[in-house]
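Residue numbers (the numbering used here), protein chains in the order written: chain A, 1 to 220; chain B, 1001 to 1090. Some notes on the structure that comes next.
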Amino acid sequence: MTMPTVRRRLADFVARHSVRVLPRSRAAWAQAMSEEIRNISDDHEALRWSLGCLQAGYSERMQIIRLLDFWIVRCGLAFWIALQALSGIFDGIFVLSYKFHALGITQFLGLRTEGDDYRRFIPLMNGTPVWGSIASLLASALYLAALVQVLRRRRSATGLFFAGLVLSVGLWVKTLATPAVEAFSPAHLKRDALLYVITALLGLLLWEGGKAPRQRTPQP
Amino acid sequence: MALLARPRAWRHGYEISKETGLKSGTLYPLLMRLSDQRLLDSKWREPERPGRPPRHVYRLTAGGLAAARRLAEESAAAPVLRKELKAGAL
């Protein structure tokens, strides 16, 4: 029995690596590529073939890489969703506490607003119906549910996220249509709009990450 | 087109690569896509010589054959169309 040449050993090594690089859904193809090398008698050709397989492996791997596969991206997205949820909870409780005369809470929350005083929001709070605040809390609940599903890597996160987003944007647009919107500075409104745009863009990332894989498992 | 030449024959990757001049890094992703779209059939064939591993072989499905023929007709018609366009016939 003759010893395999360096080229042959290198070809085998690269082929084994290509098999590992290919996504699991392509396992049969990985096996097909690696077995093909064993049928190529010329060592130089086998090495060239295995390098091609490596290229194919990485190109297939790149196709299925999704940003949401990285925990840091998922955590970043979850953090952003948490901020949106907190913002909705803040708005809802702020208005409801005023409407139900829990002014201690209103005052406390007012200290955390621009201008440190809740009183300039009184026209806005008077113009906001109770159901509007409940809807704001509901949007937050949807965001929180989306957050949990993002961390659990469930596809249902997308639907929950967009439901929360649509509801909160709807409430914001409704607020813009009331004269009480003067309580907010133009800069504040622009910032809100920008935040919604960023949230929608992150929603697209979530939607893209939640798509079903394009590949099907071949059964050769 | 290479698979269209002998549509009923099963051929392995290395053979297709030799015929088309495509390297394995280009060929296999193409074969995978064709298979995903159900245009390509594949199976394992027992080795011709003992001691060799089985080989994965391929041929076009009926759908793949129809698509390849359509492509072949289109690419054959393209130069004629280009000539006619240049001559102002169309």
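Just so it is clear, CB atoms sit at the ideal spot from N, CA and C, and this is done for glycine as well.
Quick check: residue i and residue j, are their CB atoms within less than 8 Å of each other?
i, j, result
"alanine 193 of chain A", "glycine 127 of chain A", "no"
"glycine 164 of chain A", "leucine 68 of chain A", "no"
"arginine 1038 of chain B", "threonine 1061 of chain B", "yes"
"tryptophan 29 of chain A", "methionine 1032 of chain B", "yes"
"arginine 1011 of chain B", "arginine 1070 of chain B", "no"
"arginine 1045 of chain B", "asparagine 39 of chain A", "no"
"serine 34 of chain A", "valine 21 of chain A", "no"
"glutamine 55 of chain A", "glycine 1013 of chain B", "no"
"glutamate 60 of chain A", "tryptophan 49 of chain A", "no"
"alanine 183 of chain A", "arginine 120 of chain A", "yes"
"leucine 205 of chain A", "leucine 109 of chain A", "no"
"leucine 160 of chain A", "leucine 137 of chain A", "no"
"leucine 147 of chain A", "isoleucine 81 of chain A", "yes"
Using a cut-off of 7 Å between C-beta atoms, extract the partners of residue i located in chain A.
i, result
"glycine 1021 of chain B", "Correct list: empty, because the minimum Cβ distance to chain A is about 12 Å."
"glycine 1064 of chain B", "Those do not exist, as glycine 1064 of chain B stays about 14 Å from chain A at its closest Cβ, beyond 7 Å."
"proline 1029 of chain B", "Ala56, Ser59, Glu60"
Under 7 Å between beta-carbons, which chain B residues line up against residue i? List them in chain order, please.
i, result
"glutamate 35 of chain A", "Pro1053, Pro1054, Arg1055, His1056"
"alanine 200 of chain A", "Those do not exist, as alanine 200 of chain A stays about 31 Å from chain B at its closest Cβ, beyond 7 Å."
"alanine 139 of chain A", "Residues of chain B passing the Cβ test: none, with the nearest at roughly 39 Å."
Using a C-beta to C-beta distance shorter than 8 Å, which residues of chain A count as neighbours of residue i?
i, result
"glycine 1025 of chain B", "Leu51, Gly52, Cys53, Leu54, Gln55, Ala56, Ser59"
For a contact defined as C-beta to C-beta under 8 Å, what are the partners of residue i on chain B?
i, result
"alanine 11 of chain A", "Chain B residues near alanine 11 of chain A: none, gap ~11 Å exceeds 8 Å."
"arginine 38 of chain A", "Arg1052, Pro1053"
Expressed to the nearest angstrom, what Euclidean distance is found between the alpha-carbon atoms of residue i and residue j?
i, j, result
"proline 220 of chain A", "alanine 1005 of chain B", "For proline 220 of chain A, the predicted structure reports a pLDDT of 42, less than 50, and the residue's modelled location is therefore unreliable. The matter cannot be settled from this model."
"glutamate 6 of chain A", "serine 41 of chain A", "In the sequence on display, residue 6 of chain A carries valine and not glutamate. Answer to the nearest angstrom: the Cα atoms are 14 Å apart."
"arginine 16 of chain A", "leucine 171 of chain A", "56 Å"
"alanine 145 of chain A", "leucine 86 of chain A", "13 Å"
"serine 25 of chain A", "glutamine 31 of chain A", "12 Å"
"glutamate 1074 of chain B", "leucine 47 of chain A", "37 Å"
"leucine 51 of chain A", "leucine 1027 of chain B", "13 Å"
"methionine 225 of chain A", "glycine 132 of chain A", "Since the first residue shown for chain A is 1 and the last is 220, residue 225 of chain A is missing from the structure and cannot be characterised."
"isoleucine 105 of chain A", "arginine 154 of chain A", "36 Å"
"phenylalanine 70 of chain A", "leucine 1003 of chain B", "40 Å"
"phenylalanine 79 of chain A", "alanine 1076 of chain B", "57 Å"
"glycine 1064 of chain B", "serine 1017 of chain B", "18 Å"
"leucine 1030 of chain B", "arginine 1055 of chain B", "18 Å"
"leucine 83 of chain A", "glutamine 149 of chain A", "16 Å"
"methionine 3 of chain A", "proline 1050 of chain B", "19 Å"
"valine 130 of chain A", "alanine 177 of chain A", "17 Å"
"leucine 96 of chain A", "valine 197 of chain A", "27 Å"
"glycine 203 of chain A", "phenylalanine 162 of chain A", "7 Å"
"isoleucine 64 of chain A", "proline 23 of chain A", "8 Å"
"serine 156 of chain A", "arginine 74 of chain A", "15 Å"
"alanine 1067 of chain B", "leucine 1040 of chain B", "11 Å"
"glutamate 45 of chain A", "arginine 9 of chain A", "13 Å"
"serine 1035 of chain B", "serine 168 of chain A", "44 Å"
"arginine 191 of chain A", "threonine 199 of chain A", "12 Å"
"arginine 214 of chain A", "leucine 201 of chain A", "Low per-residue confidence applies at arginine 214 of chain A: pLDDT is 47, beneath 50, and the placement is therefore not dependable, though the value from the model is reported in the following sentence. Computed Cα separation, rounded: 22 Å."
"leucine 139 of chain A", "histidine 101 of chain A", "Per the sequence presented here, residue 139 of chain A reads as alanine, with leucine not at that position. Those two C-alpha atoms are separated by around 23 Å."
"alanine 27 of chain A", "glycine 57 of chain A", "11 Å"
"valine 221 of chain A", "glutamine 107 of chain A", "Because residue 221 of chain A is not part of the residues shown, which for chain A are 1 to 220, the question remains open."
"aspartate 12 of chain A", "methionine 62 of chain A", "23 Å"
"alanine 1072 of chain B", "proline 1007 of chain B", "13 Å"
"isoleucine 122 of chain A", "leucine 195 of chain A", "24 Å"
"valine 173 of chain A", "arginine 66 of chain A", "33 Å"
Going along chain B in order, which residues have a C-beta closer than 9 Å to the C-beta of residue i?
i, result
"alanine 27 of chain A", "The premise fails here: alanine 27 of chain A is roughly 12 Å from chain B at the closest Cβ pair, so nothing lies under 9 Å."
"alanine 15 of chain A", "None at all; the shortest Cβ gap to chain B is about 10 Å."
Does the CB of residue i have a neighbour CB from chain C at under 8 Å?
i, result
"alanine 32 of chain A", "Checking the listed chains, one finds no chain C in this structure; the protein chains it contains are A and B."
Would you say the beta carbon of residue i is closer than 7 Å to some non-hydrogen atom of the ligand FMN?
i, result
"glutamate 60 of chain A", "Only the bare structure without any ligand can be found here, which leaves the ligand FMN out of the picture."
Curious, which full-length alpha helix (DSSP H) runs of at least 4 residues does the region 125 to 187 of chain A contain?
130 to 151, 156 to 176
Pick out the complete beta strand (DSSP E) segments inside the region 65 to 125 of chain A, 3 residues or longer, and give them in chain order.
none
Can you list, in chain order, the residues of the region 186 to 198 of chain A whose Cβ is nearer than 7 Å to any Cβ on chain B?
none
Entirely enclosed alpha helix (DSSP H) segments - the region 1018 to 1073 of chain B, minimum 4 residues
1024 to 1036
Can you list, in chain order, the stretches of the alpha helix (DSSP H) that have 4 or more residues and sit fully within the region 4 to 76 of chain A?
6 to 21, 27 to 38, 43 to 64
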